[in-house]
Amino acid sequence: MKLLYIGDKQISVKDGWDQVNKRNQVVVERLFAKVTYIPLDNISLSHYFNFSITNKVISETLSELTKGYDYVFVCQSLCGRICKVIKRHFPNIRIITFFHNIEKQYAKEFCKVSGLRAIPYYLRVLIWEKMAVQYSDYCITLNDRDSTLLHELYGKTADAVMPTSLEDKYDLAPKINGIPIDYLFVGTAFYPNIEGVQWFINHVLPLVDGRFCVVGKDMSPDIFNNLSDRVEIYGFVNDLSDYYKRARIIVSPIFHGGGMKTKTAEALMYGKYIIATDEALEGYKFEQSCMARCNTVSEFVAAINDFKDDNSQIIPSARQLFQDLYSYSSSVIVIKNLLKR
Numbered sequence: 360m361k362l363l364y365i366g367d368k369q370i371s372v373k374d375g376w377d378q379v380n381k382r383n384q385v386v387v388e389r390l391f392a393k394v395t396y397i398p399l400d401n402i403s404l405s406h407y408f409n410f411s412i413t414n415k416v417i418s419e420t421l422s423e424l425t426k427g428y429d430y431v432f433v434c435q436s437l438c439g440r441i442c443k444v445i446k447r448h449f450p451n452i453r454i455i456t457f458f459h460n461i462e463k464q465y466a467k468e469f470c471k472v473s474g475l476r477a478i479p480y481y482l483r484v485l486i487w488e489k490m491a492v493q494y495s496d497y498c499i500t501l502n503d504r505d506s507t508l509l510h511e512l513y514g515k516t517a518d519a520v521m522p523t524s525l526e527d528k529y530d531l532a533p534k535i536n537g538i539p540i541d542y543l544f545v546g547t548a549f550y551p552n553i554e555g556v557q558w559f560i561n562h563v564l565p566l567v568d569g570r571f572c573v574v575g576k577d578m579s580p581d582i583f584n585n586l587s588d589r590v591e592i593y594g595f596v597n598d599l600s601d602y603y604k605r606a607r608i609i610v611s612p613i614f615h616g617g618g619m620k621t622k623t624a625e626a627l628m629y630g631k632y633i634i635a636t637d638e639a640l641e642g643y644k645f646e647q648s649c650m651a652r653c654n655t656v657s658e659f660v661a662a663i664n665d666f667k668d669d670n671s672q673i674i675p676s677a678r679q680l681f682q683d684l685y686s687y688s689s690s691v692i693v694i695k696n697l698l699k700r
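Residue 448 in the working numbering sits at position 89 of the sequence shown, and the numbers go up by one each step.
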């Protein structure tokens, strides 16, 4: 079978969005005899309006599809314009669209924060995501919550739920260097992450012992306040494995967002104990032996104090959970079952 992928070939991975795209590409390349990529157009002036599905992308897509394809995989739900065009010209080709989030819901939240200047973005999301739902044969979400939200907003339940998953790189990780890290947060300088880190610094850290380390693209001491010598903040690093292996506990105080948090799967891959909010654990199977669910200051403090560090570098149940549900091989099974329909 042949598949046409609408979206950029993911070479480097800088955040969770990139990681999910990379995973999706690995999965389809394992299942299809041929996968061809049509990159998005981020140069033309019109790409701001149509989320990079410009006339150039449409022309290249229609030309390529004349060569005979069975499926099209659309990288995100804001590319609804291409779904409509493909279905009108090639009605027998099956279209699979992946929903990183339910973007309409995210756009609503963005309007609350940004006010009137966010309305043009909100209107564009309404147009193109609705079109993606309407013209896709299969919609895939990251978790059951997004599937439910998809139904509430568009009247359609996801055809498959494919949780965040990662290539298992644990065995390739280098040996531990440097001093231990008591509490580690990994994430980009995205508003919910900044908010969560500042909350932890202000309210939790003063009540517990130990060092707090923050690592992620565009993270900087300049965007936080109330810092002390117990807090270390680093921007983008090429290899996170050293930080994970030095960490005793992964903390994820995320209170807002959507989809699934890729860094939760990453922490499981490294066999780490996770103390996290409901939002950070959304879509994940809860395993008490390697997780604590906390949403208040007192709950975080209690979970930190209750965790008995036996000096073990990995928690076996965390590794097992990752391998069973959040590895690439588990995602291959999801798509394979979808294609049988």
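Even for Gly, the Cβ is constructed at its ideal location relative to N, Cα and C.
Which residues bound the beta strand (DSSP E) around MET650? Along the sequence shown, one-based indexing puts residue 650 at 291. Segment 650 to 652, the beta strand (DSSP E) holding MET650.
Hey, out of PHE432, TYR629, THR621 and LEU509, whose CA is closest to ASP496's CA? One-based indexing of the sequence shown puts residue 496 at position 137. Closest option to ASP496, Cα to Cα, is PHE432.
From which residue to which residue does the beta strand (DSSP E) around SER422 run? As a working note, residue 422 is residue 63 in the sequence shown. Where SER422 is concerned, there is no enclosing beta strand (DSSP E), although the alpha helix (DSSP H) it sits in stretches over 414 to 424.
Proximity to SER688 [Cα-Cα], best of ARG447, LEU399, GLU488 and ASP527: One-based indexing of the sequence shown puts residue 688 at position 329. Nearest option by C-alpha distance: ASP527.
Straight-line gap, TYR513 to CYS434 (C-alpha atoms, nearest Å): The residue labelled residue 513 in the question sits at position 154 within the sequence shown. The residue labelled residue 434 in the question sits at position 75 within the sequence shown. Straight-line Cα distance between these residues: approximately 19 Å.
Pick out whichever of MET490, ASN409 and PHE457 has its Cα sitting closest to the Cα of LYS381. Position 22 of the sequence shown, counted from the first residue, corresponds to residue 381. The shortest C-alpha separation from LYS381 is found at PHE457.
Quick check on DSSP: helix, strand or coil for ASP541? Counted from its first residue, the sequence shown places residue 541 at position 182. Three-state DSSP puts ASP541 in a strand.
Would you call the region 598 to 609 and the region 502 to 517 touching, i.e. three or more CB-CB distances under 8 Å? Verdict: no, contact absent.
Given that a residue counts as buried once 16 or more other Cβ atoms are within 10 Å of its Cβ, and exposed if not, what is ILE582? If you number the sequence shown from 1, residue 582 lands on position 223. That one is exposed.
Can you tell me where the beta strand (DSSP E) holding LYS489 begins and where it ends? For the purposes of this step, residue 489 is taken as residue 130 along the sequence shown, with counting starting at 1. First-last for LYS489: 478 to 494, but that is the alpha helix (DSSP H), not the beta strand (DSSP E).
For THR621, which residues from the same chain have a beta carbon less than 7 Å from its beta carbon, with the 5 sequence-adjacent residues on both sides left out? Locating residue 621 in the sequence shown gives position 262, counting from the first residue. GLY375, GLN378, VAL379 and THR523.
With 16 other Cβ atoms within 10 Å as the buried cut-off, status of ASN502: Residue numbering aside, residue 502 sits at position 143 when the sequence shown is read from its first letter. When all chains shown are included, ASN502 counts as buried.
Grab me the residues of LYS368's own chain with a C-beta within less than 8 Å of its C-beta, minus the 5 sequence neighbours each way, in chain order. Position 9 of the sequence shown holds residue 368. Closer than 8 Å at the Cβ level, and outside the excluded window around LYS368, lie GLN384, TYR396 and PRO398.
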